[in-house]
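According to our numbering, the sequence shown is numbered sequentially starting from 169. In what follows, a single structure is set out as structure tokens and then discussed.
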Amino acid sequence: MNSLAKKYPEETARILAQYPADQKRAAIIPLLHLTQQDDGFISIAAMNDVADLADVSVTDVASIVGYYTLFHDHPEGKIRLQVCTDVACMLRGAREYLTALSKGLGIQPGETTPDGLVTLEEVKCLAACDHAPMFQSQIGDMIEYHENQTPEKTLDWLRSMSASVKGGES
Ligand code: FES
169 MNSLAKKYPE ETARILAQYP ADQKRAAIIP LLHLTQQDDG FISIAAMNDV ADLADVSVTD
229 VASIVGYYTL FHDHPEGKIR LQVCTDVACM LRGAREYLTA LSKGLGIQPG ETTPDGLVTL
289 EEVKCLAACD HAPMFQSQIG DMIEYHENQT PEKTLDWLRS MSASVKGGES
């Protein structure tokens, strides 16, 4: 049996009931949100469950997970820092900004700090092109834009957020 439907019978039925039987693929995104809420990421097994429910291939589901910065296909740090380095931001210094952040955190884009707190990611356009350098932060369900950044400003923000995330754990 489909694990997602087994774990969330009412929620999956409610989501699927919102779309015509021949348009079940429209349910992919709400099903992915449902999937991600538990572990904070979407495993291959979970993508298979969504594909099965939405009557599409797992490749279709994986391409959606890969496209949206709000979906994650593996576990990461408690604070995600997503820096846009697309063309418009690059012209406003995003590449140098990311390099400085990388140096300040001691990790490369795509990596997580050894304490599991911060993941640094490089992403495509987040529609804040004229306010670069910018990043999007994700902490649990909280998503924020941070525009007109400098490495110092971002690292200061990170220090205070790390303290509050750690404080929330104790
Ligand atoms: S190019 Fe970076 S936000 Fe658009």
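Note that beta-carbon positions come from the ideal geometry of N, C-alpha and C, so glycine has one too.
Under the criterion of beta carbons closer than 8 angstroms, Val229 and Ala219 qualify as touching, at roughly 5 angstroms. Between the C-alpha atoms of Asp190 and Ser225 there is a straight-line separation of about 15 angstroms.
Here DSSP, grouped into helix, strand and coil, assigns Ser305 to strand.
For Leu199, the three-state secondary structure derived from DSSP is helix. The beta carbon of Asp207 sits closer than 8 angstroms to the beta carbons of Pro243 from its chain, once the five residues preceding and following it are set aside; these are given in chain order. Taking a C-beta distance under 7 angstroms as the contact criterion, Met302 and Glu290 do not qualify as a contact pair. By the criterion of at least three beta-carbon pairs nearer than 8 angstroms, the region 191-211 is in contact with the region 237-251. For Thr180, the enclosing alpha helix (DSSP H) begins and ends at Pro177 to Ala185. Of the heavy atoms belonging to the ligand FES, none sits nearer than 6 angstroms to the Cβ of Asp298. Within the same chain, and ignoring the five residues on either side of Leu172 in sequence, the residues whose Cβ sits closer than 8 angstroms to its Cβ are Thr180, Leu199, Leu202, Thr203, Ala214, Asp217, Val218 and Leu221.
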